[in-house]
Each structure stands twice: as structure tokens, then as C-alpha cells.
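Asker: Okay, so the sequence shown: first residue is 384 according to the numbering used here, each after it adds one. We put the beta carbon where it would ideally sit given N, CA and C, even for glycine. Since the structure is predicted, the reported quantities are computational estimates derived from the model, not experimental observations.
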Amino acid sequence: MRLEEVELSEDKSFWLITLGFDIPKKPPKSRLEDLIPTSLASTPVLYEREYKLFKVNSETGEVEAMKIRQV
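Pasting the structure below:
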């Protein structure tokens, strides 16, 4: 997980904090992999980046909202 961005809203009442993290995704298996024993097959793990945006009250520090950020 990585801190990607921190912004203060224009009215200074909220911090908008974006965290990014990698989600492992396995590629589809090839037909050749079905013939190779699992111990010999080395399927690389691919990652997909996702971001979550948190809206934090600047006075109380409480998280008021969280959503998945579309890039």
C-alpha cells in the first residue's frame, strides 16, 4: 500500500487522501500449463493497481467517506 496523494479541499474542511495498492491477478492458464506438473510450472503473478479515496474531516480526523477511485 502506498500513499499516492493528499489534498486539502478548497473550503479547508476535508483532507482528500488517495491510497494505492496492488491486487494480484493470475493470467489465464495456457493449454501447455495443463501438461506441465504444477511444481514445474512458473506462472508469473500480474498485478492490477487500485486506488481508494478517503474523505477525512480536517477538524476531527474522522473518515467521512471512502470510495474506489477510477483512473
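May I ask you to list the residues that DSSP assigns as paired with Val446?
Answerer: Locating residue 446 in the sequence shown gives position 63, counting from the first residue. Looking at the DSSP assignment, Val446 forms a beta bridge with Val439.
Asker: Would you grab the beta carbon distance between Lys395 and Ser441 for me? Rounded to a whole angstrom, and I think it's under 8 angstroms.
Answerer: Translated into the one-based positions of the sequence shown, residue 395 becomes position 12. Translated into the one-based positions of the sequence shown, residue 441 becomes position 58. Contact flag correct, Cβ pair sits at about 6 angstroms.
Asker: What does Pro407 pair with, by DSSP beta-bridge criteria?
Answerer: As a working mapping, residue 407 is identified with position 24 in the sequence shown. DSSP output for Pro407 lists Tyr430 as bridge partner(s).
Asker: Taking only the alpha-carbon atoms, compute the straight-line gap between Phe437 and Asp405 and give it to the nearest angstrom.
Answerer: Against the sequence shown, residue 437 aligns to sequence position 54. Against the sequence shown, residue 405 aligns to sequence position 22. Near 17 angstroms, if we compare the C-alpha coordinates of Asp405 and Phe437.
Asker: Have a look at Gly444 and Leu386 and give me their C-alpha separation to the nearest angstrom.
Answerer: Along the sequence shown, read from residue 1 onward, the residue named residue 444 stands at position 61. Along the sequence shown, read from residue 1 onward, the residue named residue 386 stands at position 3. The straight-line gap from Cα to Cα measures roughly 17 angstroms.
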